[in-house]
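Numbering (full-length UniProt numbering), first residue to last: 1 to 345.
Note that beta-carbon positions come from the ideal geometry of N, C-alpha and C, so glycine has one too.
All values reported here derive from a predicted model rather than from experimental measurement.
Scroll down for the structure; my scribbles are underneath it.
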Amino acid sequence: MTPAISRRDFQARFPGMSSRATRVIEVSDPPSAQHVCIDARHAGQRIDNFLLGRLKGVPRAHVYRILRRGEVRANKGRVRPDYRLKSGDVVRIPPLRHVEPAIATPTGGALRLIRDAILFEDAGLLVLDKPSGMAVHGGSGQRYGVIEALRALRPDAPYLELVHRLDRETSGCLIIAKKRSVLRVLHEGLRQHRLDKRYLLLVGGEWRGRGRKVEMELRKNTLRSGERVVRQDPTGKPSITHLRPLAVARGVSLLEARILTGRTHQIRVHAAASGHPVAGDDKYGDREINRRLHRSGLRRLFLHASSLAFRSDGYALSVTAPLPEELARVSRNLGIDPRGIDSQG
Numbered sequence: 001m002t003p004a005i006s007r008r009d010f011q012a013r014f015p016g017m018s019s020r021a022t023r024v025i026e027v028s029d030p031p032s033a034q035h036v037c038i039d040a041r042h043a044g045q046r047i048d049n050f051l052l053g054r055l056k057g058v059p060r061a062h063v064y065r066i067l068r069r070g071e072v073r074a075n076k077g078r079v080r081p082d083y084r085l086k087s088g089d090v091v092r093i094p095p096l097r098h099v100e101p102a103i104a105t106p107t108g109g110a111l112r113l114i115r116d117a118i119l120f121e122d123a124g125l126l127v128l129d130k131p132s133g134m135a136v137h138g139g140s141g142q143r144y145g146v147i148e149a150l151r152a153l154r155p156d157a158p159y160l161e162l163v164h165r166l167d168r169e170t171s172g173c174l175i176i177a178k179k180r181s182v183l184r185v186l187h188e189g190l191r192q193h194r195l196d197k198r199y200l201l202l203v204g205g206e207w208r209g210r211g212r213k214v215e216m217e218l219r220k221n222t223l224r225s226g227e228r229v230v231r232q233d234p235t236g237k238p239s240i241t242h243l244r245p246l247a248v249a250r251g252v253s254l255l256e257a258r259i260l261t262g263r264t265h266q267i268r269v270h271a272a273a274s275g276h277p278v279a280g281d282d283k284y285g286d287r288e289i290n291r292r293l294h295r296s297g298l299r300r301l302f303l304h305a306s307s308l309a310f311r312s313d314g315y316a317l318s319v320t321a322p323l324p325e326e327l328a329r330v331s332r333n334l335g336i337d338p339r340g341i342d343s344q345g
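Structure follows, in C-alpha cells:
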C-alpha cells in the first residue's frame, strides 16, 4: 500500500476540504468501474440515495458531481439524481478514491435531545419532533445530524433511513424508516400525495381572504459565494402548496401550509412569492419584519412541521408535534393564542 497522502496533495486533489477532518485511503492498483445489478430491495430508490448509501466515505458533493458529469450510468445511459431505480437496472459506478470523514460522535446532550424527541414508533418506522437548528444529516458544515445521532443511540439497529427532509431551522415531524420495505411504501405515498404533511408558519403582513393554492416551478441555484438558493424558473420542478390563514394580529399572520410536493425551501419560497415571507427567514424573508419580530422574542425561523398523516392498505398513521414553546411565546407576545392551533384541521 502506498504511503499516506500529504496535506499538499490532499488539498490539490480535494479543494475546499479539510485534511484534518478526513483521511484518504490509497490503493496500489487503481480501482476499476463497478457494475451493479439492482435487485428488488433497491427498486424504487432514487439513484443519488442509493449511491450515498453504497459509497460510504465519499463526500456528498462528489457523488452529485459524478452524477452531473454523467460518470454514473444506468443501462449505459446518463441519469439524473432523482432517477428511480428499477429491478434489473445495471448501474455503472466510476472508479473513486474514498475519502473517509473523521467520525463525529454526537454529544450526550444531542443524543438525549433526539431520544426525548420521539413522538411515535412501531416496528417499521418512527416519527420524531426534530429540534430547530439540527440538520437531518451531517455534511455541508454539519458534523452530524438527526440520522447520525439516532444511529449512535441505536448502534444495533439494522436499518435507519430518512423518509423525507426538513430544513435545519425547521422543527417538527420527521419520519425515519426502520425497514427498506417501509421506506419504499412511504416514498410511493409521497409521489401519490397520500402523505399529508402540514406546517405552521408565521408570516409578515395581514393575510386577506381565504386560503390559496400556490403553484410554481422551482429550481435550485448556487451563488458565487456557494450559498444555495431556490428561485422560480419555468425550467424548474413543479411545486404545490396550500396556504390557509389561522390568525391575524399586529401586522403578521399565522398560517397553515399543506404541501403536495416536497421541493427544497418550498414553503419559504411560496410564502415570499405570495407577499407574506416567513418570519425569521434570513434567506427569503423581509429584514424589517425580522427585526421587528426579533424585538418580540423571535430567535429562529417560525416554521414548524406540525402534523402528518398516512393511510395505506389498512395501515393508518397520524402524528402531531406541538408548537415549540419559543414559538408559542412569540405568538402570545403578538396577541395570538397558540392554544388549540395545532388541532385545527
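Whole angstroms is fine: what's the gap from residue 76's alpha carbon to residue 88's? The count along the sequence shown starts at 1 and reaches residue 76 at position 76. The count along the sequence shown starts at 1 and reaches residue 88 at position 88. About 13 Å.
Examine the ligand NAP and report whether any of its heavy atoms sits within less than 6 Å of the Cβ of residue 117. Absence of the ligand NAP is noted for the structure shown, with no ligands found whatsoever.
Cβ atoms of residue 284 and residue 268: under 7 Å apart, would you say? If you number the sequence shown from 1, residue 268 lands on position 268. If you number the sequence shown from 1, residue 284 lands on position 284. Contact flag set, yes.
Can you have a look at residue 121 and say buried or exposed, based on whether 16 or more other CB atoms are within 10 angstroms of its CB? Along the sequence shown, read from residue 1 onward, the residue named residue 121 stands at position 121. In summary, residue 121 is exposed, with fewer than 16 beta-carbon neighbours lying within 10 Å of its beta-carbon over all protein chains present.
Keeping to the same chain, check which residues put their C-beta closer than 6 Å to that of residue 27; ignore five residues upstream and five downstream. Numbered from its first residue, the sequence shown carries residue 27 at position 27. Confidence at residue 27 is low in this model, with a pLDDT of 37, below 50, so the placement of that residue should be treated as unreliable; the coordinate-derived value is given next. Counting only Cβ-Cβ distances below 6 Å, and skipping sequence neighbours, we find nothing.
Within 10 angstroms of the Cβ of residue 241, are there 16 or more other Cβ atoms? Answer buried if so, exposed if not. Here residue 241 refers to the residue found at position 241 of the sequence shown. Residue 241 should be labelled buried.
In terms of alpha-carbon separation, which member of 189, 171 and 278 lies closest to residue 251? Counting from 1 along the sequence shown, the entry for residue 251 is found at position 251. Of the listed residues, the one whose Cα sits closest to residue 251 is 278.
Same chain, Cβ closer than 7 Å to residue 298, five either side skipped, listed in chain order: Counting from one through the sequence shown, the residue named residue 298 turns up at place 298. For residue 298, where only same-chain residues beyond five positions count, the Cβ hits under 7 Å are 279, 280 and 330.
For the putative contact between residue 184 and residue 44, defined by C-beta atoms under 8 Å, what is the C-beta separation to the nearest angstrom? In the sequence shown, the residue the question calls residue 184 occupies position 184. In the sequence shown, the residue the question calls residue 44 occupies position 44. The pair is a contact, with the Cβ atoms about 5 Å apart (cut-off 8 Å).
Alpha-carbon spacing of residue 215 relative to residue 108, whole angstroms: Taking the first residue of the sequence shown as position 1, residue 215 is located at position 215. Taking the first residue of the sequence shown as position 1, residue 108 is located at position 108. So the alpha carbons of these two residues sit roughly 43 Å apart.
Do you know offhand how far residue 123's Cα is from residue 258's? Residue mapping note: residue 123 aligns to position 123 of the sequence shown, counting from 1. Residue mapping note: residue 258 aligns to position 258 of the sequence shown, counting from 1. Near 27 Å, if we compare the C-alpha coordinates of residue 258 and residue 123.
Can you tell which of 176, 125, 229 and 169 has its C-alpha closest to the C-alpha of residue 148? Along the sequence shown, one-based indexing puts residue 148 at 148. It is 176 whose Cα lies nearest to the Cα of residue 148.
Going along the chain, which residues of its own chain have a beta-carbon closer than 6 Å to the beta-carbon of residue 213, five neighbours each way excluded? Translated into positions along the sequence shown, residue 213 becomes position 213. If the five residues before and after residue 213 are omitted, its C-beta is found closer than 6 Å to the C-beta atoms of 242, all from its own chain and listed in chain order.
Check the C-beta distance from residue 219 over to residue 236 and give it rounded, since I have them as a contact under 8 Å. On the sequence shown, residue 219 is found 219 positions in, with the first residue counted as 1. On the sequence shown, residue 236 is found 236 positions in, with the first residue counted as 1. Rounded, the Cβ-Cβ distance is 3 Å, consistent with contact.
Nearest CA to the CA of residue 129: which residue from 118, 338, 256 and 217? Residue mapping note: residue 129 aligns to position 129 of the sequence shown, counting from 1. Comparing Cα-Cα distances from residue 129 to each of 118, 338, 256 and 217, the minimum goes to 118.
What are the start and end residues of each continuous alpha helix (DSSP H) run of 4 or more residues lying completely inside the UniProt domain "RNA-binding S4" (45 to 91), in chain order? 47 to 54 and 60 to 68
Thinking residue 144 and residue 106 are a contact (beta carbons under 8 Å), I'd like their distance in whole angstroms, please. Position 144 of the sequence shown, counting from 1, holds the residue named residue 144. Position 106 of the sequence shown, counting from 1, holds the residue named residue 106. About 5 Å; that satisfies the 8 Å criterion.
Rank 270, 180 and 33 by C-alpha distance to the C-alpha of residue 53 and give the top, closest one. In the sequence shown, residue 53 corresponds to position 53, counting from 1. Checking every option, the nearest Cα to that of residue 53 belongs to 180.
Consult DSSP for residue 163 and reduce its assignment to one of helix, strand or coil. What you label residue 163 is simply residue 163 of the sequence shown in a count that begins at 1. Correct three-state label for residue 163: coil.
Under a Cβ-count criterion, where at least 16 other Cβ atoms within 10 Å of its own Cβ denotes burial, should residue 221 be classed as buried or exposed? Working through the sequence shown from its first residue, we reach residue 221 at position 221. Counting Cβ neighbours within 10 Å, residue 221 comes out exposed, since fewer than 16 surround it.
Alpha carbon to alpha carbon, what distance is there between residue 159 and residue 233? Taking the first residue of the sequence shown as position 1, residue 233 is located at position 233. Taking the first residue of the sequence shown as position 1, residue 159 is located at position 159. Answer to the nearest angstrom: the Cα atoms are 37 Å apart.
Strand pairing of residue 177, partner residues [DSSP]: In the sequence shown, counting from the first residue as 1, residue 177 sits at position 177. The partner list for residue 177 (beta bridge, DSSP) reads 125 and 161.
Excluding five sequence neighbours on each side, which residues of the same chain lie with their C-beta closer than 6 Å to the C-beta of residue 229? The count along the sequence shown starts at 1 and reaches residue 229 at position 229. Counting only Cβ-Cβ distances below 6 Å, and skipping sequence neighbours, we find 221.
If residue 70 and residue 78 are in contact, beta carbons under 8 Å, what's the gap, nearest whole angstrom? Along the sequence shown, read from residue 1 onward, the residue named residue 70 stands at position 70. Along the sequence shown, read from residue 1 onward, the residue named residue 78 stands at position 78. Residue 70 to residue 78, Cβ: 4 Å. Contact.
Quick check on the DSSP output: what are the complete alpha helix (DSSP H) runs of length 4 or more inside the stretch 265 to 333, in order along the chain? 266 to 273, 287 to 295 and 325 to 333
Work out the CA separation of residue 91 and residue 50 for me, nearest whole Å. Here residue 50 refers to the residue found at position 50 when the sequence shown is read from its first residue. Here residue 91 refers to the residue found at position 91 when the sequence shown is read from its first residue. Roughly 10 Å separates the two Cα atoms.
By DSSP's criteria, residue 187 is part of a beta bridge. Which residues make up the other side? What you label residue 187 is simply residue 187 of the sequence shown in a count that begins at 1. Answer is none; residue 187 lacks a bridge partner.
Just mark residue 362 as buried or exposed, buried being the case when its beta carbon has 16 or more other beta carbons within 10 Å. With the chain represented from 1 up to 345, any question about residue 362 goes unanswered, as that position is not in the structure.
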